[in-house]
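Here the structure comes first, spelled out in structure tokens, and everything after it is commentary.
2 protein chains.
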Amino acid sequence: MDPRPKTPERREDALSRERIVASAIGLLDEEGERALTFRALANRLSTGSGAIYWHIPDKDALLSAATETVLSRALAGIAGGSDPADTLRAIALSVFDAIEVHPWVGTQLAREPWQPAMVEVFERSSAQFDLLGVPRGSLFHCVSAFVQYLLGSAAQTAAAARHKFRASERPAVLAAIVERWTRRDPGEYPFVHLLAEQVRTHDEREAFLAGLDLILAGAKPAR
Amino acid sequence: MDPRPKTPERREDALSRERIVASAIGLLDEEGERALTFRALANRLSTGSGAIYWHIPDKDALLSAATETVLSRALAGIAGGSDPADTLRAIALSVFDAIEVHPWVGTQLAREPWQPAMVEVFERSSAQFDLLGVPRGSLFHCVSAFVQYLLGSAAQTAAAARHKFRASERPAVLAAIVERWTRRDPGEYPFVHLLAEQVRTHDEREAFLAGLDLILAGAKPAR
DNA sequence: CCTGCTCTGGAACGGCGTTCCATGACTATT
DNA sequence: AATAGTCATGGAACGCCGTTCCAGAGCAGG
Numbered sequence: 036m037d038p039r040p041k042t043p044e045r046r047e048d049a050l051s052r053e054r055i056v057a058s059a060i061g062l063l064d065e066e067g068e069r070a071l072t073f074r075a076l077a078n079r080l081s082t083g084s085g086a087i088y089w090h091i092p093d094k095d096a097l098l099s100a101a102t103e104t105v106l107s108r109a110l111a112g113i114a115g116g117s118d119p120a121d122t123l124r125a126i127a128l129s130v131f132d133a134i135e136v137h138p139w140v141g142t143q144l145a146r147e148p149w150q151p152a153m154v155e156v157f158e159r160s161s162a163q164f165d166l167l168g169v170p171r172g173s174l175f176h177c178v179s180a181f182v183q184y185l186l187g188s189a190a191q192t193a194a195a196a197r198h199k200f201r202a203s204e205r206p207a208v209l210a211a212i213v214e215r216w217t218r219r220d221p222g223e224y225p226f227v228h229l230l231a232e233q234v235r236t237h238d239e240r241e242a243f244l245a246g247l248d249l250i251l252a253g254a255k256p257a258r
Numbered sequence: 036m037d038p039r040p041k042t043p044e045r046r047e048d049a050l051s052r053e054r055i056v057a058s059a060i061g062l063l064d065e066e067g068e069r070a071l072t073f074r075a076l077a078n079r080l081s082t083g084s085g086a087i088y089w090h091i092p093d094k095d096a097l098l099s100a101a102t103e104t105v106l107s108r109a110l111a112g113i114a115g116g117s118d119p120a121d122t123l124r125a126i127a128l129s130v131f132d133a134i135e136v137h138p139w140v141g142t143q144l145a146r147e148p149w150q151p152a153m154v155e156v157f158e159r160s161s162a163q164f165d166l167l168g169v170p171r172g173s174l175f176h177c178v179s180a181f182v183q184y185l186l187g188s189a190a191q192t193a194a195a196a197r198h199k200f201r202a203s204e205r206p207a208v209l210a211a212i213v214e215r216w217t218r219r220d221p222g223e224y225p226f227v228h229l230l231a232e233q234v235r236t237h238d239e240r241e242a243f244l245a246g247l248d249l250i251l252a253g254a255k256p257a258r
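Residue numbers (our numbering), protein chains in the order written: chain A, 36 to 258; chain B, 36 to 258.
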């Protein structure tokens, strides 16, 4: 017999996978990655930790589901323009921006890159590289580079966000990096000294786009 | 008064930061990232977990020190050739290869990219981009892209190694990915189907180099 | 009303990072 | 040689964590 003929809807505040994942996202956003524990989550949902395990197998699955939710929502709103390069920038930026809002997504993506939503990124970006004129034989390498650059930036953004939980701490954190860099011997590390000042004033989003353009420029000659 | 006029050398088997870090590297290499606990480490060193804290402040510092040791060793053996692009490849490969041998370095680098050894990477790679003819104004973006691509590949290599602890499991793991990819509708995901086969046979090191060349090719027009 | 299922929530388990502290090992001073 | 004082050790203990267990609440069909 069908185990669930119609939706049970036992009570109004019933637990569900969706409600749990939504609550986990809230916890991650508001209090950071370390705050997501089954106890805190159970408390937030006014239940016991055991109840959660009825809907979610373990913490890895919970983090994957949360990442998946955020990522697929971010990818849903991409407008496919006429210029393939612009569309590639839009794809990359939608992931980048999602990670700036939810840094824990970057951490998770670096740890578990094969999320289902990433398949979406592969499909869409390879289509654009194809439109760009990249031959089939080079497609894989282009898309790989695109995704790995994306994941590297994602991880770095997440790591930065971990150190400056509030945006106001940004100058202090950057100053500390500059200080550690310039402490080195300028004779032995001339370029580090040269770049140190740019670290202080750099815009992460702009640097991300500039690096992306390097890859796109490199993909052109691959035609 | 000088607290330590000459080296104490109290006993032959004395604990030391070096011995602890070396032991931690051994544990990480032989049994994986999850096996590194202060208890297991203390057991390996025939001591108590409390003794370790006299030399190392906490687990983060231990992982940083281990990463630093492996990374600076890897960077030490780079021959600076005459071609800047080749030297850049050599720098990137030395990090990539170190991570293939010690996957946990990739995890750590994705979590904490500002290791002291990474300053070495910044210095050396920016010098090579400079030799390549990249103007000072674009140097920062080129080096950033280079490092972020490196870190993205590092994280992905580490993640892959986590799933196939023994090399023999590689085909099975790749087959599982291919299966999950090809399960999707070929009409909706044509490129994923196209790339799926290449995933099975791809060589990570070769793909890494191909992606790197995209960035190097993109950096050339930046002159 | 009873039976059997889904779902709940709190207790319990083993393991973790870290702290605490009594004590051993050694040096410097008398 | 005895003592004082510091460095270093290692095992116990604390508070958390993810996860498992299970008694029982709520509900459906016979």
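For glycine and all other residues, C-beta sits at the position ideal for the given N, C-alpha and C.
The model shown is predicted, which means the values in this text are computed figures rather than measured ones.
Test: residue i CB closer than 8 angstroms to a CB of chain A
{"i": "H237 of chain B", "result": "yes"}
{"i": "F200 of chain B", "result": "no"}
{"i": "S51 of chain B", "result": "no"}
{"i": "P43 of chain B", "result": "For P43 of chain B, the predicted structure reports a pLDDT of 41, less than 50, and the residue's modelled location is therefore unreliable. A value from the coordinates is still provided. With 8 angstroms as the cut-off, P43 of chain B does not count as an interface residue toward chain A."}
{"i": "F73 of chain B", "result": "no"}
{"i": "R79 of chain B", "result": "no"}
{"i": "Q233 of chain B", "result": "yes"}
{"i": "R219 of chain B", "result": "yes"}
{"i": "I250 of chain B", "result": "yes"}
{"i": "D48 of chain B", "result": "no"}
{"i": "V212 of chain B", "result": "Looking at the sequence shown, residue 212 of chain B is not Val but Ile. Yes - at least one Cβ of chain A is within 8 angstroms of the one on I212 of chain B."}
{"i": "L98 of chain B", "result": "no"}
{"i": "P40 of chain B", "result": "Note that P40 of chain B has pLDDT 36, beneath the 50 cutoff, so the model's placement of it is unreliable and no number is given."}
Residue i, buried or exposed, once every other Cβ within 10 Å from all chains shown has been counted against 16
{"i": "R171 of chain A", "result": "exposed"}
{"i": "Y88 of chain B", "result": "exposed"}
{"i": "R218 of chain A", "result": "exposed"}
{"i": "T236 of chain A", "result": "exposed"}
{"i": "R124 of chain B", "result": "buried"}
{"i": "A254 of chain A", "result": "buried"}
{"i": "P92 of chain B", "result": "exposed"}
{"i": "A114 of chain A", "result": "exposed"}
{"i": "T122 of chain A", "result": "buried"}
{"i": "P206 of chain B", "result": "exposed"}
{"i": "R146 of chain A", "result": "buried"}
{"i": "F200 of chain A", "result": "exposed"}
Nearest-angstrom Cβ-Cβ length linking residue i and residue j, presumed shorter than 8 angstroms
{"i": "A180 of chain B", "j": "G246 of chain A", "result": "3 angstroms"}
{"i": "V154 of chain A", "j": "A101 of chain A", "result": "Contact doesn't hold; Cβ gap of about 18 angstroms is too wide."}
{"i": "V105 of chain A", "j": "A133 of chain A", "result": "6 angstroms"}
{"i": "V208 of chain B", "j": "W216 of chain B", "result": "Incorrect: roughly 13 angstroms between the Cβ atoms, too far for contact."}
Chain-ordered neighbours of residue i on chain B, where CB pairs are closer than 9 angstroms
{"i": "H131 of chain A", "result": "Before going on, a small fix: residue 131 of chain A reads as Phe here, not His. Going along chain B, no residue has its Cβ under 9 angstroms from F131 of chain A, so there is no contact; the nearest lies around 11 angstroms."}
Closest by C-alpha distance to residue i, when choosing among the options
{"i": "T142 of chain B", "options": "A:D248, A:Q191, A:E204", "result": "A:Q191"}
{"i": "E66 of chain B", "options": "B:P119, B:F131, B:P206, B:H137", "result": "B:H137"}
{"i": "E158 of chain A", "options": "A:L244, A:C177, A:R201", "result": "A:C177"}
{"i": "L62 of chain A", "options": "A:A75, A:R201, A:V169", "result": "A:A75"}
{"i": "P151 of chain A", "options": "A:G187, A:L110, A:F131", "result": "A:L110"}
{"i": "F243 of chain A", "options": "A:G187, A:A194, A:A254", "result": "A:G187"}
{"i": "L229 of chain A", "options": "B:S117, B:S173, B:Q233, B:G115", "result": "B:S173"}
{"i": "Y184 of chain B", "options": "B:K94, B:D95, B:L128, B:A49", "result": "B:L128"}
{"i": "A290 of chain A", "options": "A:F73, A:A120, A:S81", "result": "Residue coverage of chain A in this structure runs from 36 to 258, which leaves residue 290 of chain A outside it and unanswerable."}
{"i": "W149 of chain B", "options": "A:I250, A:G168, A:V234", "result": "A:V234"}
{"i": "P119 of chain A", "options": "A:S161, A:E103, A:A195", "result": "A:S161"}
{"i": "G116 of chain B", "options": "B:E103, B:A86, B:L167", "result": "B:L167"}
{"i": "A196 of chain B", "options": "B:E239, B:P221, B:I60, B:L249", "result": "B:E239"}
7 angstroms Cβ cut-off: residues of chain B touching residue i
{"i": "R146 of chain A", "result": "A194"}
{"i": "S161 of chain A", "result": "F226, L230"}
Closer than 8 angstroms to chain B by CB, residue i
{"i": "G187 of chain A", "result": "yes"}
{"i": "D37 of chain A", "result": "Summary for D37 of chain A: the model assigns pLDDT 35, below 50, so the residue's position carries little reliability; its value from the coordinates is reported in the next sentence. Not an interface residue."}
{"i": "H176 of chain A", "result": "yes"}
{"i": "L106 of chain A", "result": "no"}
{"i": "W216 of chain A", "result": "yes"}
{"i": "V154 of chain A", "result": "yes"}
{"i": "A254 of chain A", "result": "yes"}
Neighbour list for residue i in chain A, Cβ cutoff strictly below 8 angstroms
{"i": "R124 of chain B", "result": "Residues of chain A passing the Cβ test: none, with the nearest at roughly 14 angstroms."}
{"i": "D165 of chain B", "result": "F226"}
Interface partners of residue i on chain A, CB under 7 angstroms
{"i": "S179 of chain B", "result": "A242, G246"}
{"i": "E158 of chain B", "result": "Y224, F226, V227"}
Contacts of residue i in chain B (Cβ-Cβ under 8 angstroms)
{"i": "A190 of chain A", "result": "A145, R146, P148, L186, G187, A190"}
Check: residue i C-beta below 7 angstroms from any heavy atom of the ligand FMN
{"i": "A245 of chain B", "result": "You won't find the ligand FMN in this model; it holds no ligand whatsoever."}
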